[in-house]
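Protein chains: 2
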Amino acid sequence: MINKRLEKLRQQLSKYNLDAVIIPSTDPHQSEYVAKHWKVREYFSGFTGSAGVLVVKPDETALWTDSRYFLQFEEECKAYEITLYKQSIPYAPEHVQWLCDSLEENAVVGVDFLQFSKAQMDHIKELSKSKNIELKNITELVGEIWTDRPSLPDFPIDIHPLEFSGETTRSKIQKVQHKITTGKADYYLFSRFDEIAWLFNIRSQDVDFTPLVTAYALVGLENTRLFCNKKRFSSSALATFSKLNIEVIDYDEAIVELEKIASTKKIITDVSSLNYAVYNAVTSTFIFQNSIVKELKAVKNDTEIAGAKNCMLKDGVALTKFFIWLENELNKRSISEYEIGKKLESFRQQQEFYMGESFAAIVGYKGNGAIIHYTASEKGAAMVQNEDILLIDSGAQYKDGTTDITRTVWLGGTPSDEIKTTYTAVLKGYIALEQLQFPKGTVGMQIDAFARLHLWKLGLDYPHGTGHGIGSFGMVHEPGQGFTTNIATSTGSTEHAPNQLTTIEPGCYKKDAFGIRIENIVLSSLKETTAFGEFIGFTPITLFPIDRQLIKDSLLTASEKKWFNGYHKMVFEQLSPRLDNDEIEWLRKMCQKL
Amino acid sequence: MINKRLEKLRQQLSKYNLDAVIIPSTDPHQSEYVAKHWKVREYFSGFTGSAGVLVVKPDETALWTDSRYFLQFEEECKAYEITLYKQSIPYAPEHVQWLCDSLEENAVVGVDFLQFSKAQMDHIKELSKSKNIELKNITELVGEIWTDRPSLPDFPIDIHPLEFSGETTRSKIQKVQHKITTGKADYYLFSRFDEIAWLFNIRSQDVDFTPLVTAYALVGLENTRLFCNKKRFSSSALATFSKLNIEVIDYDEAIVELEKIASTKKIITDVSSLNYAVYNAVTSTFIFQNSIVKELKAVKNDTEIAGAKNCMLKDGVALTKFFIWLENELNKRSISEYEIGKKLESFRQQQEFYMGESFAAIVGYKGNGAIIHYTASEKGAAMVQNEDILLIDSGAQYKDGTTDITRTVWLGGTPSDEIKTTYTAVLKGYIALEQLQFPKGTVGMQIDAFARLHLWKLGLDYPHGTGHGIGSFGMVHEPGQGFTTNIATSTGSTEHAPNQLTTIEPGCYKKDAFGIRIENIVLSSLKETTAFGEFIGFTPITLFPIDRQLIKDSLLTASEKKWFNGYHKMVFEQLSPRLDNDEIEWLRKMCQKL
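In the order they appear, the protein sequences are chains S and R.
Just so you know, we're using my numbering here: the first sequence kicks off at 4 and counts up by one.
Just so you know, we're using my numbering here: the second sequence kicks off at 4 and counts up by one.
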């Protein structure tokens with residue numbers, strides 16, 4: 004099927020006189036996870052990873068993705084003639100240089116202007132300049148092949164109430180307007196779904212696992228335009244918006260409406276999220292700045308923090324019930340990874356304000372745990388028994404917050420020294436980063452290595468970043484702060500600030516043998532102010548025991564043991580009031596002192 | 004005097020219809036330390052720091068420098084109306100945005116095209132575009148005011164022999180030619196003195212403390228042109244060059260000669276070191292790449308490593324003799340910081356192949372140690388007594404290598420708990436970074452924080468990078484690898500590789516009280532290769548005890564004590580064969596086990 008689609012695409016290439024097309028994994032809003040309508044790269048390659056770019060030429064089909072997805076690519080694309088190009092830096096546009104090198108002068112390359120940001124187009128133009136390569140819009144071409152393409156999402160939109168958001172839309176818009184004034188501009192244009200959902204306190208289900216809304220938004224000093232299908236709102240929502248001078252205009256009209264802005268106006272926007280089709284249509288002056296909403300949204304208010312902590316309690320309770328079920332059930336039968344994922348979901352479903360999973364749960368048994376973004380399919384899932392190692396990375400969307408937790412557990416038998424040593428090094432790394440105190444102004448790339456130090460000592464490492472921001476009933480990977488080894492990503496280059504929620508999730512993976520990862524969400528706060536400035540640190544808010552069966556005690560220092568015991572004391576104290584007696588006993592055992 | 008010069012400069016501003024001039028601290032070769040001829044910024048501001056940019060407008064004189072130099076600026080410029088703008092990132096061109104903001108549209112800004120790299124000019128042009136600001140060359144203007152400007156250096160040039168360089172000029176040039184061929188270019192143009200000195204195995208004394216030669220070099224596939232005054236070479240040197248197809252052409256003719264290259268030719272060069280005057284004159288196509296020589300030079304060959312180790316022995320012997328002298332002398336009298344620096348120099352002078360200091364020694368007593376790049380003047384120096392704390396950062400140029408070492412010592416009385424705790428945290432940081440094993444591909448910014456961790460815990464920090472590359476009878480600060488908190492500098496963004504020499508020098512400074520710094524040079528090497536790749540680590544090669552009087556034993560872990568004892572065992576074993584009996588006894592005491 005994929006081969007047929009590629010065949011058709013090649014025919015279109017020749018029909019439109021194109022020498023190549025670039026098909027990214029994103030949508031017109033630079034989303035990481037996209038609605039079915041925008042899964043163009045998956046349609047033509049079969050590859051379902053959240054990051055990756057397909058390049059199709061008459062004589063070659065090539066896909067760029069990063070180390071998180073190498074094993075998944077092999078699995079999903081083995082039947083097709085697609086060459087894998089391994090990116091050393093996730094999201095780095097390495098394919099552009101490759102393409103420019105391989106094309107003749109005056110070649111024509113097709114790209115969907117909607118799927119490329121202004122910044123990305125600038126980059127392609129810069130690299131292709133010397134060969135005078137033309138870039139042609141192919142919005143229509145894809146539609147001609149993909150005739151049964153799903154339409155854009157059109158679910159009803161909910162207002163995210165103040166009891167969960169903690170700040171009114173009016174207040175948020177005023178902050179944006181202040182930025183417009185100080186920036187001597189007329190408008191602020193937002194393209195990213197997560198920023199728009201935050202700004203307008205709206206939620207829907209346009210993107211799998213993520214309660215976002217397909218929209219653009221143009222904030223002015225007098226009034227605001229929200230480009231989003233009107234019929235998706237209740238009349239009371241529209242009335243409230245109207246009082247705030249927010250006009251709702253259908254999504255399809257966005258570009259036409261934006262075109263009408265006078266050429267004398269100045270629009271602040273984020274060059275990395277503005278798509279080229281919009282940029283191309285608007286004749287006003289753009290002022291490119293990092294999005295103010297990205298910055299504001301990353302710092303959680305008291306309501307959001309209280310919500311997040313409440314979600315940790317709910318996740319902790321669900322995981323406790325789930326792991327007790329798993330333990331008992333594995334003594335009776337083997338269970339597929341797929342069933343385990345579904346069962347875990349069902350325990351979370353019982354919790355208040357549950358809205359769904361925050362991403363496809365990763366349930367990886369033995370070697371499957373080494374496939375970093377593994378998703379067990381109903382048919383292909385491995386059968387889990389009461390032995391060996393199991394990695395579970397899962398999370399939920401609740402109305403009061405978003406969760407993300409990884410635990411790696413030992414199911415029975417005697418763990419090897421290699422597994423215990425590795426697991427302990429991962430744990431030591433987690434503790435080192437979580438316990439770190441660092442000056443304000445520190446970015447993720449500066450401190451990511453604290454989580455790797457103990458693995459590096461053993462000649463080990465992990466091929467992914469150490470953590471990311473997380474939304475409040477929003478995106479599970481929320482820009483910008485986090486931890487990673489390279490500066491080119493927002494998790495590497497963004498300064499940590501108090502009141503942010505970030506994951507810390509070191510791991511280690513041995514192909515065909517095991518995957519280990521330990522992940523908590525931590526809350527950052529101001530720890531002290533000295534003559535040297537303000538110092539920030541983290542406090543873990545995730546509440547679930549870390550499997551002691553895999554720990555080699557002798558490798559932990561006294562202070563690491565102290566951390567371990569303190570964390571488990573907190574977990575027990577917080578979760579036990581919400582559990583029944585049997586559950587409390589199980590948890591007590593899991594939270595024993597080391 | 005400075006005020007008069009600024010007065011004259013302002014008159015020239017109005018004569019040439021300039022709205023501002025930017026005066027950097029560099030020369031046409033983007034050197035960090037420059038010949039007297041190029042000390043234009045110092046001439047107009049009195050500020051002698053190695054980094055800093057002066058901006059003069061009719062109504063304001065402003066200087067940008069980084070935290071290493073804040074105290075020095077206050078000291079040197081207090082008598083003049085110069086506003087200090089504190090840079091958070093060393094060398095970041097923050098003044099450009101400030102200037103663009105403060106100027107009217109169509110303003111004219113004077114810059115000496117020779118003193119700005121192509122990359123810097125691009126940056127200024129980009130920021131000044133929206134105001135249509137014109138950039139005018141002021142090479143002549145400065146000369147009109149600075150009538151007694153020193154001429155360019157013209158010392159004899161020595162050939163750096165194979166017994167020290169370890170690689171012939173022929174071999175080095177062949178590597179450059181290989182790069183020209185693979186880059187499909189015709190020439191490789193070098194502007195940096197350190198790169199040219201390395202490539203041609205030549206040394207002189209054009210720059211204070213640095214044995215470099217004022218030159219440009221153009222390497223072609225058939226022949227090579229070295230733009231450097233011919234009369235500076237011996238006839239045998241010229242004959243040798245001639246055999247290698249190296250033509251020596253006078254420095255003054257460089258731009259005129261470079262202009263003659265056909266416009267169809269392609270020249271590879273480093274955009275950050277090519278000055279704008281040359282760029283402007285040459286009509287050929289430039290291909291901008293990081294300099295291949297910078298990369299090659301940073302990795303030392305066996306001869307250079309052996310030389311560096313030999314220099315460590317010599318430095319260790321000189322420092323031992325010096326500290327014994329200091330101890331004895333302080334029991335009799337107080338001694339000025341200036342005299343101490345001179346005396347230290349005299350002990351190094353007795354060592355084989357000694358060529359001079361590698362930078363102005365920093366001898367900072369008590370609070371003077373907190374001025375990071377402090378230089379005691381003959382008159383203003385503090386008197387050192389047999390009490391309290393003394394920081395000495397010094398180094399030498401030997402024909403077989405360049406050295407750089409800092410020790411902080413306690414001279415008598417009882418050190419406070421604060422000083423001991425701080426000193427111990429600095430030491431712990433040094434050990435943490437030096438003992439780190441990390442994967443190939445790791446850049447300085449990723450691991451710099453290991454040297455800060457223990458200070459951060461106490462709410463302390465230091466306002467400088469943690470280390471830099473060092474040359475082989477070359478620059479004491481050699482690009483590119485090192486450790487720093489920001490990615491914008493080469494020490495932050497360059498990957499560490501085996502066989503590099505790098506300093507590790509954490510510190511902590513309390514204004515008017517004390518300065519603490521511990522600095523060793525470390526050699527990097529491949530430690531192990533695993534399924535996760537190659538792992539690199541460091542070995543210290545500097546040989547001199549670290550003062551135990553300032554250590555709070557109880558704060559050191561067992562493994563830190565083990566490191567301390569192992570290091571001192573090595574220091575004693577290596578130095579003692581070169582010392583007399585009294586000296587050996589002194590050293591034995593200093594190298595006792597903790």
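Where a beta carbon is used, it is the ideal one built from N, C-alpha and C, also for glycine.
{"Check": "In chain order, each beta strand (DSSP E) run of at least 3 residues that lies wholly inside the stretch 31 to 100 of chain R", "Outcome": "56 to 60, 63 to 69, 86 to 90"}
{"Check": "Chain R residues whose Cβ lies nearer than 8 Å to that of H449(S)", "Outcome": "The amino acid at residue 449(S) is misidentified as His; the sequence shows Gln. Result: M448, Q449, D451, A452, T488."}
{"Check": "Cα-Cα separation, G186(S) to D125(S)", "Outcome": "24 Å"}
{"Check": "Distance between N502(R) and N304(R) (C-alpha atoms, nearest Å)", "Outcome": "7 Å"}
{"Check": "Whether F538(S) touches L436(S) by CB criterion (9 Å)", "Outcome": "no"}
{"Check": "Contact the stretch 164 to 179 of chain R vs the stretch 279 to 289 of chain R: 3+ CB pairs below 8 Å", "Outcome": "no"}
{"Check": "Within-9 Å CB hit, E129(R) to chain S", "Outcome": "no"}
{"Check": "Beta-carbon neighbours of Q123(S), restricted to chain R and to distances below 7 Å", "Outcome": "What Q123(S) touches in chain R: nothing, since even the nearest Cβ is about 19 Å away."}
{"Check": "C-beta neighbour in chain S for S287(R), strict 9 Å", "Outcome": "no"}
{"Check": "Collapsed DSSP secondary structure at M358(S) in the structure displayed", "Outcome": "strand"}
{"Check": "Where I587(S) sits in the DSSP three-state scheme", "Outcome": "helix"}
{"Check": "Residue interval of the beta strand (DSSP E) (run including K530(R))", "Outcome": "523 to 533"}
{"Check": "Span of the alpha helix (DSSP H), counted from its first residue to its last, around N283(S)", "Outcome": "279 to 284"}
{"Check": "Chain S contact residues for P442(R), given Cβ-Cβ distances below 8 Å", "Outcome": "W459, D464"}
{"Check": "Expected contact under 8 Å - CB spacing of S287(R) and A265(R) to nearest Å", "Outcome": "7 Å"}
{"Check": "Cβ neighbours of A500(S) in the same chain (closer than 8 Å, five flanking residues each side left out)", "Outcome": "A301, V302, K443, Q484, S527, I539"}
{"Check": "Cut-off 7 Å between Cβ atoms - residues of its own chain near I248(S), not counting five sequence neighbours on either side", "Outcome": "It is worth fixing the name first, because residue 248(S) is Asn in this sequence and not Ile. Taken in chain order, the residues that qualify are E225, N226, T227."}
{"Check": "For L102(R), the nearest candidate out of D550(R), L393(R), I141(R), I26(R) (CA to CA)", "Outcome": "I26(R)"}
{"Check": "Given G367(R) as reference, the closest of I343(R), I549(R), A561(R) once Cα atoms are compared", "Outcome": "I343(R)"}
{"Check": "Proximity to A534(S) [Cα-Cα], best of E522(R), I521(R), R551(R), K513(R)", "Outcome": "K513(R)"}
{"Check": "Chain A contacts made by the stretch 535 to 559 of chain S, where a contact means CB separation under 8 Å", "Outcome": "The structure shown contains no chain A; its protein chains are S and R."}
{"Check": "Beta carbon of Y254(R) nearer than 9 Å to that of A218(R)", "Outcome": "yes"}
{"Check": "Opening and closing residue of the alpha helix (DSSP H) in which T142(S) lies", "Outcome": "142 to 148"}
{"Check": "Contacts of E531(R) in chain S (Cβ-Cβ under 8 Å)", "Outcome": "G462"}
{"Check": "9 Å Cβ cutoff met for A468(S) and P482(S)", "Outcome": "Residue identity check: residue 468(S) is Gly in the sequence provided, not Ala. No, the Cβ-Cβ distance between G468(S) and P482(S) is not below 9 Å."}
{"Check": "Cα-Cα separation between R351(R) and S475(R), rounded to whole angstroms", "Outcome": "17 Å"}
{"Check": "CA nearest to the CA of R581(S), picked from Q438(S), L439(S), Q552(S), C314(S)", "Outcome": "C314(S)"}
{"Check": "Backbone secondary structure at E108(S) - three-state DSSP", "Outcome": "coil"}
{"Check": "Environment of V259(R) [buried if 16+ CB atoms lie within 10 Å]", "Outcome": "exposed"}
{"Check": "Cβ separation of S337(R) and S120(R), assumed to be a contact under 8 Å, to the nearest whole Å", "Outcome": "Rounded, the Cβ-Cβ distance is 47 Å, inconsistent with contact."}
{"Check": "Chain-ordered neighbours of L439(R) on chain S, where CB pairs are closer than 9 Å", "Outcome": "A452, L456, W459, K460"}
{"Check": "Supposed close pair G169(R), E307(R) - CB separation, criterion 8 Å", "Outcome": "5 Å"}
{"Check": "Contacts around L558(S), its chain only, beta-carbon distance under 6 Å, and the 5 residues preceding and following it disregarded", "Outcome": "T427"}
{"Check": "Terminal residues of the alpha helix (DSSP H) in which I1(S) lies", "Outcome": "With chain S covering 4 to 597 only, the question about residue 1(S) has no answer from this structure."}
{"Check": "Exposed unless 16 or more other CB atoms sit within 10 angstroms - verdict on M448(S)", "Outcome": "buried"}
{"Check": "Residue environment, G310(S), which counts as buried when at least 16 other CB atoms sit within 10 Å", "Outcome": "buried"}
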